[in-house]
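One structure is given below, encoded as structure tokens.
Residue numbers (our numbering), protein chains in the order written: chain A, 1 to 350; chain B, 351 to 683.
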């Protein structure tokens with residue numbers, strides 16, 4: 001049942017704008033034969049009810065592993081949360097028991113993955129899979145759970161839900177499977193929805209449908225969404241605040257407008273500039289060279305000294321190699337971990 | 351042939367796959383993966399092929415290369431009709447057209463060193479002797495941004511971006527004039543994607559290559575293409591110069607595609623055209639215009655009458671009844 005897990009905190013959270021979920025200095029390491037992989041290395045962020053936080057970064061930056069850490073799903077035995085806290089309405093989940101986490105997952109916190117086919121059970125009907133969460137967490141009898149499953153399919157606009165609820169995942173198209181995943185994730189009215197590249201495998205016209213649906217449902221339910229993606233376009237259209245991650249660290253955090261208009265970290269600037277634009281005002285011929293970020297993401301086994309981005313950074317100086325810049329608030333609500341934000345700012349304006 | 355004649359000319363190309371019929375399924379069915387597409391490609395030009403999954407863009411690219419045999423239609427490469435050539439006759443012409451695939455992981459032999467992967471096409475065509483090939487491989491490595499000492503490494507030792515550079519070096523080894531690239535940057539991170547796109551562009555400027563560039567990412571297609579063909583369910587529904595296509599799309603599907611693409615600008619307000627439903631199955635495509643089941647502009651004629659690719663002017667082509675001058679419906683657009 002929901003209430004006994006975090007009863008004291010939830011009332012407070014709803015009343016005075018406390019974050020629903022707060023990640024504090026989270027460290028998730030993998031202990032491998034080749035050494036310690038610091039996949040998440042001191043990451044903090046929070047989300048308010050009804051808010052969408054975008055988490056952006058390239059492969060291996062730790063954005064997905066942070067989400068799995070929140071859910072207590074770090075691959076064992078190699079992976080382990082070695083430090084920090086994950087607070088759901090003030091209650092620490094890092095030290096929660098597996099039984100407590102099971103009561104939370106799919107109930108208080110849900111997750112949608114990139115490839116719905118791998119997270120749906122092929123031998124159960126879509127309806128059974130949605131009903132399962134309702135029977136487990138809300139103790140609904142089977143008949144009521146199946147009726148609610150059908151309502152959920154209607155909510156995510158799957159046509160002919162009375163028939164579709166009895167179909168198997170392979171009978172659904174890619175877009176419909178992702179809708180079914182959303183229906184499943186939202187069935188128990190979670191406080192937090194972790195969406196890990198939920199539209200990356202979908203075509204753009206289907207992606208537009210899914211994004212619209214997610215934001216519309218969020219308005220109704222007030223669910224806090226952590227939206228993980230590599231796609232800056234998707235971030236611009238969904239998130240209110242954005243966290244940029246690089247090599248296991250948060251390198252910048254800002255409101256979505258500030259991030260796109262006055263980015264302060266060279267990596268953010270690099271990401272923004274390396275995307276081929278669809279903007280009408282950039283119509284000065286296709287031969288403009290895209291700005292590259294030279295080199296590649298460092299191996300997490302062999303993290304460079306000082307600032308992790310320094311080897312690829314056009315602004316890097318000796319200072320950057322000597323000491324890692326702290327994450328500091330340069331403008332209200334905008335944080336960046338860089339020694340040279342003044343120079344970055346001047347360049348981006350130009 | 352004058353220089354500006356089409357280097358690649360594709361006419362009414364079709365590829366229908368046969369689905370096996372059976373005792374219970376009844377008669378055989380056909381997937382009309384590519385159903386009558388035509389386009390020209392000049393020397394030094396890039397044609398972008400864009401569309402959603404199942405639109406036939408990858409099949410079209412592979413059929414042009416005859417990696418998949420066409421059902422009908424003609425493919426002329428440098429004014430030679432290669433459609434009916436035998437395997438051995440085709441071999442000589444293949445040298446002129448090479449391919450770069452999406453997934454550098456599965457398109458490189460894991461048991462060969464990077465150097466021998468790039469040298470292999472030269473061996474196949476008997477180009478240069480062993481030491482000559484070694485020199486050329488080194489030069490190709492340098493050109494695509496790999497280090498010579500990486501020649502002795504194996505594909506798994508390379509990152510995704512490096513593997514794609516390797517695939518490009520292999521394609522360039524026999525000095526082709528045409529490269530068909532099937533989603534070559536889709537699997538890469540954005541910062542690395544920019545590196546590979548820049549490489550494609552600079553190689554074209556330097557070597558005068560022609561590209562058929564298949565991609566689903568509209569930003570990438572816009573950046574790299576001179577002209578763009580938009581495909582839907584096996585057909586080209588619109589073909590235009592890049593700037594015109596993006597500034598003033600004509601076909602309702604192109605409009606919807608552009609409206610759906612997320613843009614990295616949080617302040618942009620735009621007209622959302624959210625298409626309902628999924629792409630219909632190419633096994634049993636809709637009657638009339640194949641897009642009419644999802645088209646916000648569809649009228650009665652669209653359900654029965656299959657629109658042809660028309661040329662309303664300025665070298666633009668569009669397959670839509672709204673632009674058919676015989677129908678006074680244009681104002682509706």
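Every residue gets a Cβ at the ideal spot worked out from N, C-alpha and C, and that includes glycine.
- Going by beta carbons, residue 632(B) and residue 643(B) fall outside the 7 Å limit.
- Residue 83(A) is bridged by DSSP to 27(A).
- Here residue 383(B) is near residue 409(B), since their CB atoms are less than 7 Å apart.
- For residue 272(A), there is no enclosing beta strand (DSSP E); the residue is found in the alpha helix (DSSP H) stretching over 266 to 274.
- Rounded to the nearest angstrom, the gap between the Cα atoms of residue 452(B) and residue 90(A) is 46 Å.
- Between the alpha carbons of residue 224(A) and residue 674(B) lies a gap of roughly 49 Å.
- Of all residues in the stretch 609 to 635 of chain B, those with a C-beta nearer than 9 Å to a C-beta of chain A are 609, 610, 611, 612, 613, 614, 615, 616, 617, 618, 622, 623, 624, 625, 626, 627, 628, 629, reading in chain order.
- Look at the beta carbons and you see the stretch 305 to 312 of chain A not touching the stretch 252 to 264 of chain A: under three pairs across the two are nearer than 8 Å.
- Distance check between residue 606(B) and each of 617(B), 444(B), 584(B), 568(B) places 568(B) closest, using alpha-carbon atoms only.
- In this structure, residue 156(A) sits away from residue 177(A), with a CB-CB distance that is not shorter than 7 Å.
- DSSP places residue 603(B) in the helix class (H, G or I) of the three-state scheme.
- Around the Cβ of residue 209(A), a 10 Å sphere holds 16 or more other Cβ atoms; the residue is buried.
- Using beta-carbon distances, residue 584(B) does not count as an interface residue toward chain A, since no partner is under 7 Å.
- In the DSSP assignment, residue 653(B) falls within the alpha helix (DSSP H) that extends over 650 to 654.
- By the CB criterion at 7 Å, residue 43(A) and residue 20(A) fall outside the cutoff.
- Between the stretch 50 to 59 of chain A and the stretch 235 to 249 of chain A there are three or more C-beta pairs closer than 8 Å, enough to call the two in contact.
- Excluding the 5 residues flanking it on each side, residue 379(B) has same chain C-beta neighbours closer than 6 Å at 369, 633, in chain order.
- In the pairwise beta carbon analysis, the stretch 102 to 116 of chain A is classified as not touching the stretch 142 to 153 of chain A: fewer than three pairs are separated by under 8 Å.
- Within chain B, not a single residue places a beta-carbon under 8 Å from that of residue 214(A); the smallest gap is close to 13 Å.
- Beta bridge pairing from DSSP links residue 380(B) with 368(B).
- Looking at the DSSP output, residue 111(A) bridges to 194(A).
- For residue 596(B), the enclosing alpha helix (DSSP H) begins and ends at 592 to 597.
- By the criterion of at least three beta-carbon pairs nearer than 8 Å, the stretch 395 to 403 of chain B is not in contact with the stretch 419 to 429 of chain B.
- Using a Cβ-Cβ distance cut-off of 8 Å, the stretch 549 to 556 of chain B and the stretch 583 to 592 of chain B are not in contact, since fewer than three pairs of beta carbons, one from each stretch, lie closer than that value.
- Interface criterion not met: the Cβ of residue 506(B) is under 7 Å from no Cβ in chain A.
- Cβ contact annotation for residue 590(B) (same chain, cutoff 6 Å, sequence separation greater than five): 666, in chain order.
- A Cβ-Cβ contact shorter than 7 Å links residue 126(A) with residue 167(A).
- At a cut-off of 7 Å, the C-beta of residue 568(B) has a neighbouring C-beta in chain A.
- Under the three-state reduction of DSSP, residue 417(B) is assigned to coil, being neither helix nor strand.
- Boundaries of the beta strand (DSSP E) around residue 254(A): 249 to 255.
- DSSP places residue 563(B) in the strand class (E or B) of the three-state scheme.
- In this chain, the beta strand (DSSP E) harbouring residue 41(A) covers 35 to 47.
- Among the CB atoms of chain A, one or more fall inside 7 Å of the CB of residue 403(B).
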